[in-house]
Ligand SMILES: Nc1ncnc2c1ncn2[C@@H]1O[C@H](COP(=O)(O)OP(=O)(O)OP(=O)(O)O)[C@@H](O)[C@H]1O
Ligand SMILES: [Mg+2]
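In my numbering, the protein residues as written are 8 to 477.
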């Protein structure tokens with residue numbers, strides 16, 4: 008065996024330690040060599056000389072990884088027995104990592120099997136370092152996937168509980184951040200206090216406002232929406248507070264939104280665009296419930312739950328003298344911040360499926376492109392991109408061509424791939440490294456190196472758990 012660097016050696020020992028590996032090969036020399044190599048690095052190794060013996064062992068003891076030959080009789084070279092064995096293993100253990108040991112002359116068969124879900128292949132005669140790296144990566148990946156599944160299971164349970172208790176509508180909240188936000192929103196919904204929702208364009212502020220209204224004690228009562236950015240000052244005040252006939256040329260007697268929403272909810276969108284005079288009037292009605300229609304001296308009363316939304320940075324506007332501090336504190340009793348979509352990777356594909364026309368699906372490379380895009384226009388941009396793609400697609404499978412997203416070239420070494428992208432790619436490829444590499448446009452070796460660099464490791468080894476990276 009080639010000498011290995013100390014650190015690498017320790018890491019290998021750590022990730023192979025106690026893991027059980029089954030070697031199925033008719034050659035005793037091969038079994039012995041692998042047993043020595045792998046047990047030297049802490050693995051428990053068992054060997055079987057035929058597919059039948061291997062399957063027996065697999066049924067009787069826990070196995071974390073299988074290394075299997077492709078031919079089990081001296082005269083056989085077709086690889087058929089190996090193919091059958093692999094399919095047999097897969098049918099019983101869909102997730103078990105399987106490494107195919109194959110003569111370089113039969114690489115094509117191995118590559119085909121890797122496409123069909125074999126975890127990886129190693130050419131015979133093998134290089135010890137290469138083999139160990141492959142084994143370790145697959146075991147680590149397997150552990151990370153198991154943990155991921157557990158995390159997803161727990162999250163799905165939490166989501167179901169939330170959905171059972173509250174009215175979530177079609178809202179997608181798969182990501183940790185969105186789930187936490189939604190949980191807070193439904194908790195504060197029944198209270199009568201004002202809510203201020205902030206966040207970038209198209210991130211889902213109005214969706215959160217709707218969620219609060221639907222779970223409030225005044226659901227079923229009037230729910231009105233006013234876009235404060237859409238009208239000039241005077242018309243805006245008329246819109247909010249109403250007019251008396253003759254208030255200005257052509258004005259008719261008309262109730263404003265505060266009157267119409269009495270007993271219900273008023274959603275004030277684009278709050279940052281309200282003039283200082285409008286802000287003063289808004290503050291008064293929030294504090295006292297009192298207001299007058301434009302052109303009238305008669306004071307009216309209203310009781311309205313106000314939800315306001317803004318993409319402006321109100322504290323900065325306060326410093327610049329463009330927003331009243333007292334109004335800000337009045338409104339932000341509860342402040343909910345909707346994070347940008349790019350920071351909510353787990354929401355991207357579920358949202359995309361929601362926006363797909365019925366019957367349409369995403370090709371794997373299209374899903375990858377969605378995950379890699381920066382989404383400056385957030386959920387609205389995603390919605391537009393997916394809906395347009397459905398119109399453009401010649402059949403029901405959406406590819407990168409129809410998405411039309413700017414292509415960010417991946418360098419040959421994958422140096423710009425972050426951990427989340429990589430984990431998603433591996434997840435979408437069902438942990439099949441070769442498939443993930445192909446989807447990412449990398450060689451297998453480059454993907455392995457990148458995984459190594461990002462330290463895709465067992466949480467017990469790394470100290471900081473993988474949970475947060477998901
Ligand atoms: N979590 C979500 N689940 C499902 N659909 C969503 C979600 N978030 C946003 N959307 C959809 O994305 C689009 C934009 O959302 P919304 O209008 O709430 O964003 P916004 O933050 O109010 O945008 P703007 O800043 O432009 O006012 C809408 O079509 C909405 O239905
Ligand atoms: Mg909006």
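Virtual Cβ for every residue (Gly too), placed ideally from N, Cα, C. These figures come from a predicted structure and were not determined experimentally.
- Exclusion of the five residues before and after residue 197 leaves 222, 223 and 224 as the residues of its chain whose Cβ lies within less than 8 Å of its Cβ.
- Inter-residue distance for residue 259 and residue 245 is about 11 Å (C-alpha atoms, whole angstroms).
- Going by DSSP, residue 61 is part of the alpha helix (DSSP H) stretching over 58-67.
- Shortest Cα-Cα distance from residue 176 to any of 128, 209, 213 and 204 involves 213.
- DSSP, reduced to helix, strand and coil, places residue 295 within a helical segment of the structure shown.
- Residue 102 and residue 169 have their C-alpha atoms some 30 Å from each other.
- The straight-line gap separating the alpha-carbon atoms of residue 60 and residue 132 is approximately 23 Å.
- DSSP lists 249 as the bridge partner or partners of residue 262.
- Taken from the Cβ of residue 342, every heavy atom of ligand 2 lies 7 Å or farther away.
- Taken from the Cβ of residue 316, at least one heavy atom of ligand 2 lies inside 7 Å.
- Shown here for residue 199: same chain residues with a beta carbon closer than 7 Å to its own, the five before and five after excluded, namely 312 in chain order.
- Residue 338 counts as buried, since at least 16 other C-beta atoms from the protein chains shown sit within 10 angstroms of its C-beta.
- In this structure, DSSP gives residue 433 a helical state, which the three-state scheme calls helix.
- A contact is defined here as three or more CB-CB pairs under 8 Å, and the stretch 62-80 meets this definition with respect to the stretch 30-41.
- Going by beta carbons, residue 299 and residue 308 fall outside the 8 Å limit.
- Residue range 352-362 is occupied by the alpha helix (DSSP H) that includes residue 354.
- Contact between the stretch 200-220 and the stretch 360-369 is absent, with fewer than three C-beta pairs closer than 8 Å.
- Pairwise C-beta distances place the stretch 388-396 out of contact with the stretch 311-325, as fewer than three of them are shorter than 8 Å.
- Straight across, the Cα-Cα distance linking residue 434 with residue 453 is about 18 Å.
- Taking 7 Å as the cut-off, the C-beta of residue 276 counts as close to a heavy atom of ligand 2.
- Boundaries of the alpha helix (DSSP H) around residue 46: 35-47.
- Relative to residue 63, the option among 31, 432 and 262 whose CA is nearest is 31.
- Look at the stretch 139-203 and you find these whole runs of alpha helix (DSSP H), each 4 residues long or longer: 183-195.
- Between residue 45 and residue 28, the C-beta gap is smaller than 8 Å, which places the two residues in contact.
- Taking a C-beta distance under 8 Å as the contact criterion, residue 265 and residue 232 do not qualify as a contact pair.
- Ranked by Cα distance from residue 371, the first of 237, 114 and 444 is 444.
- Bridge pairing for residue 54: 30 [DSSP].
- Residue 78 holds the alpha-carbon nearest to the alpha-carbon of residue 33 among 53, 50, 22 and 78.
- In this structure, residue 302 sits near residue 251, with a CB-CB distance shorter than 8 Å.
- Distance between residue 112 and residue 159, taken at the CA atoms: about 41 Å.
- Residues 215, 218, 219 and 343 of the same chain have their beta carbon placed closer than 7 Å to that of residue 192, with the five preceding and five following residues left out of the count.
- Taking all protein chains in view, the Cβ of residue 121 is crowded by 16 or more other Cβ atoms within 10 Å, so the residue is classified as buried.
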